[in-house]
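*Asks:*
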Amino acid sequence: KKEAGGVNKETGKRKRSGEGTGGNSQKIGRLVKKKRTSSTPIPAELPQLDDEALFKTILNPKYATNETVAEIKSSYESHDKDPYKYAVLTELFSTEFLKNVKKEVSKMEFLPKKNDLYDFYQTNDLKQTTTPHSRQLCQLLYSA
1281 KKEAGGVNKE
1291 TGKRKRSGEG
1301 TGGNSQKIGR
1311 LVKKKRTSST
1321 PIPAELPQLD
1331 DEALFKTILN
1341 PKYATNETVA
1351 EIKSSYESHD
1361 KDPYKYAVLT
1371 ELFSTEFLKN
1381 VKKEVSKMEF
1391 LPKKNDLYDF
1401 YQTNDLKQTT
1411 TPHSRQLCQL
1421 LYSA
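Per my numbering, residue 1281 is the first one in the sequence shown, and the count goes up by one each step.
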């Protein structure tokens, strides 16, 4: 049943767009991600932070105290009858660290993305960032 010149040999009818090629070939072609255009190489892994460095640079130092850890555990355990247990961690990150992340992200290139429902702007994957604070945040989030 090979088609020649866009005509189905079996029926003699002109084939519709996308017919005979999986139906969505044109849509899929538009959705393929563009290759990374930045000439910046993917950075090597940052050195691992020990607990002391983590609390000095990234996390709020209040979470390094035994009292705060005990409060979090108690709060988590108190939700025993809820559908799931949880704990609220307010002001988890250092304010200074987050300010630095915000500065770095504001300097990143945002590319327009579109789909059927909405339009938005997106940066390249944070795993590939070379900025120090954004890189540390990414490393921390992916380490768990």
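Ideal Cβ positions, reconstructed from N, Cα and C, are used throughout, including at glycine. Note that the coordinates shown come from a computational prediction; the quantities given were computed from them, not determined experimentally.
In the DSSP assignment, what residue or residues form a beta bridge with L1339?
*Replies:* F1373
*Asks:* Given a cut-off of 7 Å, decide if V1381 and H1359 are closer than it, judged by their beta-carbon atoms.
*Replies:* No, they are not a contact pair.
*Asks:* Between which two residues does the alpha helix (DSSP H) carrying P1392 extend?
*Replies:* Counting along the chain, P1392 falls outside any alpha helix (DSSP H), though it belongs to the beta strand (DSSP E) covering L1391 to K1394.
*Asks:* Under 8 Å by Cβ, that's how I've got L1369 and I1352 pegged, so tell me the actual separation to the nearest angstrom.
*Replies:* 7 Å
*Asks:* Whose CA, out of Y1366, T1375, A1367 and N1404, lies closest to the CA of F1335?
*Replies:* T1375
*Asks:* What did DSSP end up calling D1362 once you bin it into helix, strand or coil?
*Replies:* coil
*Asks:* Using the Cα positions of L1339 and K1393, report the straight-line distance between them to the nearest angstrom.
*Replies:* 32 Å
*Asks:* Which residue wins for smallest C-alpha separation from F1373, given the options A1344, D1405, D1396 and D1330?
*Replies:* Among A1344, D1405, D1396 and D1330, the Cα nearest to that of F1373 belongs to A1344.
*Asks:* Leaving out five residues on either side along the sequence, give the residues of the same chain with a beta carbon under 8 Å from the beta carbon of R1316.
*Replies:* Bear in mind that a pLDDT of 42 at R1316, under 50, signals an unreliable position, so the number given afterwards is only what the model happens to contain. N1404 and Q1408.
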